[in-house]
Amino acid sequence: MAKTDSGNFFEDFLLGQLLRHPTPRSVTEGDAALYLALTGGRFLLESSAEAARAHGLKAAPLDDLLVFHLVFGKSVPQISLNAVANLGYADCRFLAPVYPGDTLSAESRVIGLKQTSRGDSGIVYVETLGRRQDGEPVLNFKRWVLVRKRDPENPAPETMVPELAPLVAAEDLVVPRGLHGRNWDVELSGSPHLWEDYALGERIDHSDGMTLEEAEHQMATRLYQNTAKVHFDQLLASEGRFGKRLVYGGHIISMARALSFNGLANAIRIAAINGGRHVAPTFAGDTLFAWSEVLEKWTLPGRSDLGALRLRTLAVKNRRAEGFPDKDEAGRPDPALVLDLDYTVLMPRR
Amino acid sequence: MAKTDSGNFFEDFLLGQLLRHPTPRSVTEGDAALYLALTGGRFLLESSAEAARAHGLKAAPLDDLLVFHLVFGKSVPQISLNAVANLGYADCRFLAPVYPGDTLSAESRVIGLKQTSRGDSGIVYVETLGRRQDGEPVLNFKRWVLVRKRDPENPAPETMVPELAPLVAAEDLVVPRGLHGRNWDVELSGSPHLWEDYALGERIDHSDGMTLEEAEHQMATRLYQNTAKVHFDQLLASEGRFGKRLVYGGHIISMARALSFNGLANAIRIAAINGGRHVAPTFAGDTLFAWSEVLEKWTLPGRSDLGALRLRTLAVKNRRAEGFPDKDEAGRPDPALVLDLDYTVLMPRR
Amino acid sequence: MAKTDSGNFFEDFLLGQLLRHPTPRSVTEGDAALYLALTGGRFLLESSAEAARAHGLKAAPLDDLLVFHLVFGKSVPQISLNAVANLGYADCRFLAPVYPGDTLSAESRVIGLKQTSRGDSGIVYVETLGRRQDGEPVLNFKRWVLVRKRDPENPAPETMVPELAPLVAAEDLVVPRGLHGRNWDVELSGSPHLWEDYALGERIDHSDGMTLEEAEHQMATRLYQNTAKVHFDQLLASEGRFGKRLVYGGHIISMARALSFNGLANAIRIAAINGGRHVAPTFAGDTLFAWSEVLEKWTLPGRSDLGALRLRTLAVKNRRAEGFPDKDEAGRPDPALVLDLDYTVLMPRR
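Chains as they are written, first to last, in the numbering used here: chain H, 12 to 361; chain F, 12 to 361; chain W, 12 to 361.
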């Protein structure tokens with residue numbers, strides 16, 4: 012029997028099927044340091060254990076996106092090893108902080124299947140859940156992926172397309188137990204701008220640029236234990252459409268989030284990712300810039316210390332973000348656009 | 012008196028001499044995270060502290076090869092700084108797991124000396140031992156190295172060539188105290204294939220490819236505190252035969268081991284390295300692939316939970332491992348071959 | 012109100028002003044491992060927790076220069092984001108060791124201001140202090156930076172140029188509480204040469220070379236949370252004088268210190284930086300070499316176990332340090348010279 016795992020093909024998935032993902036992963040201060048060195052993050056609660064404790068957490072939590080990438084990475088060998096394309100994310104909620112010493116495990120349930128009209132591939136919809144060692148859920152999200160069939164002649168499963176919420180509603184956002192925004196020190200956090208200071212529709216140019224290197228994105232993607240070959244195998248890449256290794260899209264989200272510190276330093280926690288699109292691929296040598304737009308402002312029930320901002324953060328490559336490059340009226344993206352992310356953050360109030 | 016250490020030359024070694032290597036090294040979760048980011052390792056016991064504890068260890072151990080590289084690296088300044096070539100390894104046994112918080116020290120005894128017929132260099136055979144802070148041995152191995160003489164006119168020492176076992180016998184393998192393979196969860200470990208499922212002579216193509224970058228191998232080799240100049244000094248390399256910095260051979264072993272997860276996910280611990288050959292040099296930009304062959308299957312005395320597999324893992328560069336590139340009948344290696352490693356792993360039984 | 016922080020310009024600084032720098036930073040074993048992997052450090056107390064405890068410290072301390080870079084990095088967004096040039100350092104004293112688990116914060120006081128004759132920029136002198144979570148000072152230094160004006164028409168502040176000591180006097184050096192050099196094991200430390208063995212004026216070629224990569228210096232500089240754009244943004248660099256990203260000068264100091272192990276292995280702690288000059292910029296691809304000169308030898312009051320050496324360490328690029336490349340009689344630096352650092356170390360005595 013073949014010992015090598017070649018991943019699941021479209022016809023291997025069953026509606027309702029639960030896949031427990033190998034291998035659980037204990038996270039440590041080493042992961043946090045590497046993530047910082049790879050992205051340049053400076054958000055206060057992750058940077059300072061003292062500040063995290065002063066605001067009700069038990070220690071400096073791991074960066075929310077590092078948790079996302081670890082859980083996502085776990086799902087790759089069973090869900091998307093044979094993916095033609097990652098089509099989208101939805102309904103991603105961050106449920107509890109993860110601390111050094113925790114062990115993350117992940118599982119995915121198949122919630123939808125739809126064969127393409129050509130019949131050689133199909134869309135697989137999964138809901139992925141990340142848990143802590145005590146079973147506590149820390150993160151869930153839905154994603155859908157176009158997966159090749161092993162054999163186009165194999166019969167198609169019944170089509171089932173799940174309903175996907177366009178965003179995580181304000182009342183479904185989770186504020187981590189204990190976390191509060193009282194007595195927030197704007198000198199130490201890096202910005203005087205709190206929730207009240209952001210206006211609907213406001214646009215922010217995050218100004219700084221960051222050039223990506225092969226060693227950096229490879230180290231990041233391995234840290235996430237994401238095994239997608241396109242990020243690591245130049246021989247494969249040389250035969251492909253771009254001739255180059257692709258940077259893992261999630262790492263671009265991380266870089267955009269780190270760049271957004273300059274303008275959103277008090278966006279101390281990601282509560283949800285509503286949706287996101289990798290508009291174009293990114294390669295080593297590209298320089299990233301980012302800008303953000305405030306889509307919605309929500310108060311949180313019973314909380315005067317924290318509010319929520321729904322943001323859209325866009326990343327562009329090899330040009331600055333000034334002028335806020337975006338889609339045009341016909342919906343055609345600016346040629347420099349690589350990421351269009353819709354997400355919700357928590358921010359201290361005055 | 013010259014303050015710079017220029018390393019030992021062939022005529023500096025004495026048969027029976029014991030060299031205590033500077034500097035002891037405390038290992039941490041930071042080392043484990045970096046090793047993971049550099050190699051992409053996913054073996055269950057190293058990835059999950061929960062799983063390690065469930066199988067009788069006190070925590071997630073450091074990767075066996077990370078321990079090997081740290082002990083090996085310690086020996087470089089005194090043993091192989093003036094080496095022309097690393098000729099071989101033998102009789103390498105992994106004696107006890109190493110955990111974050113342990114401090115490793117290393118020492119080597121000269122067990123053989125043989126001047127070459129040209130008289131300008133000689134082979135030094137050493138047995139190297141790595142210990143924990145409490146004196147407990149964690150690793151030993153023999154290696155032999157061709158070392159330059161400071162002055163070809165210096166007299167040759169008496170020749171003494173030690174007997175080197177062709178492999179570590181099954182009865183000499185050490186199962187770490189407490190470690191057991193009972194109730195092994197093949198869903199979490201990443202493969203359904205256990206010891207019983209591997210057949211003598213079976214070949215496994217590990218499928219995935221990994222391209223190496225200068226920053227990656229340099230960071231790895233510095234993490235191992237290995238000071239061999241050929242890995243770091245491009246000015247020196249530019250004057251040399253290849254014009255490029257050489258990747259530390261041990262790092263290639265690590266990459267091959269990490270790639271072997273796909274096909275050998277339940278090879279949870281390396282018990283011995285029987286021998287190994289770096290068939291050709293590897294450079295940044297090369298893409299590695301690996302395949303393995305099952306050489307022997309051994310039960311272990313008194314254990315029904317774990318068995319041993321003696322494996323041969325071969326790494327090739329810039330071509331896939333399909334077709335199992337190997338030596339030809341005349342013993343000439345395939346031009347893509349870079350590593351031929353003979354080692355023994357422990358694997359849970361049914 | 013603009014949310015992006017564009018940093019302070021010359022006319023924003025006030026004499027006597029105190030700037031508390033965001034964001035405090037908890038340091039961990041992950042930072043120590045990364046620093047080791049990036050620099051190759053091998054000094055005994057940082058490498059071995061056992062040795063650190065045997066010599067009176069509570070654990071393996073973070074490398075002194077890592078602490079320097081973290082405190083320096085904190086000051087960049089408010090002090091030198093709009094710097095034309097970093098002109099110098101003085102009076103830098105290392106006051107207490109920093110251990111994994113500590114949280115560093117930093118603040119700077121403006122101690123001098125001097126507008127240039129052209130009127131479009133000015134020199135800002137600051138004294139920066141790094142503290143531990145309990146308020147204990149761990150490091151202070153002065154630096155002066157040439158900073159652009161936002162508007163050359165803005166009025167100049169009154170000129171105040173502080174007096175800067177040419178060096179930290181022997182009586183002002185701090186030996187960390189508990190640290191002692193008794194029973195120093197020269198086999199484990201990597202060198203038989205102790206304080207008594209170094210002669211005034213002695214020169215040491217540190218021999219080894221180290222080639223820098225983009226991914227390495229970027230990861231290091233992000234680890235230090237230093238946000239200066241010139242190190243990360245190739246688009247900006249392409250428009251600049253060199254066309255390339257600049258390596259953070261402090262990282263060159265770290266590389267020179269790590270190289271100096273070969274010749275100064277027993278220089279176990281940096282007590283002071285008296286001054287330093289980045290003679291020329293360094294880029295990825297450059298290979299660094301270093302040499303040192305003994306400027307002064309000091310006994311320390313009441314201590315027979317430790318002495319101090321005032322050293323000058325010079326780094327050159329793309330040529331070896333043999334022949335001790337230096338300034339010529341007219342003060343013109345050797346074209347290969349990139350760093351000229353004057354600092355003071357503690358070393359065990361016989």
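Note that beta-carbon positions come from the ideal geometry of N, C-alpha and C, so glycine has one too. Keep in mind it's a predicted model, so treat the numbers as computed, not measured.
- According to the DSSP assignment, LYS308/H belongs to the beta strand (DSSP E) that extends over 298-311.
- Near chain H, meaning a CB-to-CB distance below 8 Å, the residues of the stretch 46-70 of chain F are LEU47, ALA48, LEU49, THR50, GLY51, ARG53, PHE54, LEU55, SER58, SER59, ALA60, GLU61, ALA62.
- For HIS289/W, no Cβ of chain F is located within less than 7 Å of the residue's own Cβ.
- Residues of chain F whose Cβ lies closer than 9 Å to the Cβ of LEU106/H do not exist; the shortest such Cβ separation is about 19 Å.
- Straight across, the Cα-Cα distance linking THR170/F with LEU124/F is about 5 Å.
- PHE152/H sits in a strand when the DSSP states are folded into three classes.
- Nearest to ARG64/F by alpha-carbon distance, out of ASN237/F, ARG268/F, TRP195/F, is TRP195/F.
- The residue from LYS160/W, VAL356/W, ALA332/W, THR355/W with its alpha-carbon nearest to that of ASP345/W is ALA332/W.
- In this model, GLY27/F and PHE152/F are separated by some 16 Å (Cα to Cα).
- Taking 7 Å as the cut-off, the Cβ atoms of HIS217/F and LEU270/F count as close.
- Between ASN19/F and chain H, the shortest Cβ-Cβ separation is not below 7 Å.
- Distance between VAL290/W and LEU45/W, taken at the CA atoms: about 27 Å.
- Each residue's CA atom was taken as its position, placing SER58/W and VAL179/W some 27 Å apart.
- Per DSSP, the continuous alpha helix (DSSP H) segment holding LYS85/F begins and ends at 75-90.
- A distance of 7 Å or more separates the beta carbons of VAL356/H and LEU211/H.
- In the DSSP secondary-structure assignment, VAL95/F is not bridged to any residue.
- Spatial neighbours of LYS85/F in its own chain (CB-CB distance under 6 Å, excluding positions within 5 residues in sequence) are listed in chain order as HIS32, ALA117.
- Three or more Cβ pairs closer than 8 Å define a contact, and the stretch 215-229 of chain F meets that threshold against the stretch 223-232 of chain H.
- Listed in chain order, the non-local C-beta contacts of ALA276/F below 6 Å within the same chain comprise SER200, GLY201, SER202, local neighbours out to five positions each way being set aside.
- The beta carbon of LEU199/F falls within 7 Å of a beta carbon belonging to chain H, placing the residue at that interface.
- Taking C-beta separations shorter than 8 Å and ignoring five residues to either side along the sequence, the partners of THR127/W in its chain run GLY133, ILE134, LEU157, following chain order.
- As the crow flies, the alpha-carbon of ILE264/H is around 13 Å from that of PHE83/H.
- Listed along chain F, no residue sits closer than 7 Å to ARG143/H by beta-carbon distance, the nearest being about 10 Å off.
- By the neighbour-count criterion, in which 16 or more other beta carbons inside 10 Å mark a residue as buried, PHE253/H falls on the exposed side.
- The DSSP-derived three-state label of ASN285/W is strand.
- Put simply, of GLY99/W, ARG343/W, GLU207/W the residue whose alpha carbon is nearest the alpha carbon of GLY286/W is GLY99/W.
- Non-local C-beta neighbours of PHE294/F in its own chain, meaning closer than 6 Å and more than five positions away in sequence, comprise LYS255, ordered along the chain.
- LEU317/W counts as buried, since at least 16 other C-beta atoms from the protein chains shown sit within 10 angstroms of its C-beta.
- At a cut-off of 7 Å, the C-beta of ARG233/F has a neighbouring C-beta in chain W.
- Annotation: the continuous beta strand (DSSP E) that includes ARG36/F extends over 29-37.
- By the CB criterion at 7 Å, HIS204/H and HIS66/H fall outside the cutoff.
- One finds ALA13, LYS14, THR15 in chain F with Cβ atoms closer than 9 Å to the Cβ of ILE215/W, taken in chain order.
- Under a criterion of Cβ atoms nearer than 7 Å, no residue of chain H is adjacent to GLU164/F; the nearest Cβ is some 46 Å distant.
- Nearest neighbour of LEU246/W by Cα position, chosen from LEU246/H, ASP219/H, VAL241/H, ARG268/H, turns out to be ASP219/H.
- A direct Cα-Cα distance of roughly 15 Å separates ASP353/F from ASP75/F.
- Look at SER315/W here: in three-state DSSP terms it is strand.
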